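Below is one structure; the comments refer to it alone.
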Amino acid sequence: MSQKNSTKIDEKLILDWGTRIGLAASGERVRGSQLENFIASLESVGGREALLATAAFALRQGVRLNAKSTGRVVANALLDLYSKGGTKDDARKMLGIAKWVYEASEYFKAGKVDYNTITLEDYLRQATRGGR
2 MSQKNSTKID
12 EKLILDWGTR
22 IGLAASGERV
32 RGSQLENFIA
42 SLESVGGREA
52 LLATAAFALR
62 QGVRLNAKST
72 GRVVANALLD
82 LYSKGGTKDD
92 ARKMLGIAKW
102 VYEASEYFKA
112 GKVDYNTITL
122 EDYLRQATRG
132 GR
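So the number in my numbering is just where the residue sits in the sequence shown, counting from 1, plus 1.
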């Protein structure tokens, strides 16, 4: 099991990936409970490797639920966190942000979104300029 105990993940990275996940899930009309399933799947494997297992689960769910963009964004986010020494706590925080953005996006649409580059700040600026 690989462990990187002293690596501090940039909070902006967590916020931006959470935003991308939440908007992808909203755009593909994924149920909010699916985001909870991603969080729960982190507990299926011990240590940081849980991020890899959850990335695989996300890809599977993306195919199964016809939400391939969401599955890919979740997997890419978790792989990025893992490669930078992220922990399960970092992943939980990121997926929690995703759920908040997902819930807010029901009321504030961001228009066309690039799920690979949008940041939380970009989304907030778009969302506060006008809603539905």
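The beta carbon of each residue, even a glycine, is placed where N, CA and C say it ideally should be.
Since the model is a prediction, treat every value here as computed from it, not as a measurement.
Inter-residue spacing [alpha-carbon to alpha-carbon] between residue i and residue j
| i | j | result |
| --- | --- | --- |
| G87 | K9 | 8 angstroms |
| D59 | V75 | The sequence as given places Ala at residue 59; Asp does not occur at that position. About 6 angstroms. |
| E107 | V46 | 32 angstroms |
| R30 | R126 | 22 angstroms |
| G28 | G48 | 31 angstroms |
| Y103 | A26 | 7 angstroms |
| A128 | L24 | 12 angstroms |
| L14 | A92 | 11 angstroms |
| S7 | A51 | For S7, the pLDDT reaches just 49, beneath the cut-off of 50, and the residue's location in the model is therefore unreliable, leaving the point undetermined. |
| G19 | T120 | 9 angstroms |
| D217 | R130 | Only positions 2 to 133 of the chain appear in this structure, which leaves residue 217 out of reach. |
| A68 | Q62 | 8 angstroms |
| S42 | R21 | 19 angstroms |
Backbone secondary structure at residue i - three-state DSSP
| i | result |
| --- | --- |
| A68 | coil |
| Y103 | helix |
| T8 | coil |
| W48 | For clarity, residue 48 is Gly in the given sequence; the question names Trp instead. Looking at G48 - three-state DSSP - the assignment turns out to be coil, as it is neither helix nor strand. |
Top-ranked residue by Cα proximity to residue i, from the options
| i | options | result |
| --- | --- | --- |
| I89 | V114, L53 and S106 | The identity of residue 89 in the sequence shown is Lys, whereas the question assumes Ile. Among V114, L53 and S106, the Cα nearest to that of K89 is on L53. |
| N117 | R93, G72 and Y83 | G72 |
| A78 | L121, V64 and A56 | A56 |
| I40 | D11, G63, G97 and D81 | G97 |
| E122 | D17, E12 and D11 | D17 |
| L66 | D11, D91 and G33 | G33 |
| E12 | S70, L82 and N38 | L82 |
Cβ distance (whole Å) where residue i is taken to contact residue j below 8 angstroms
| i | j | result |
| --- | --- | --- |
| K100 | L36 | 5 angstroms |
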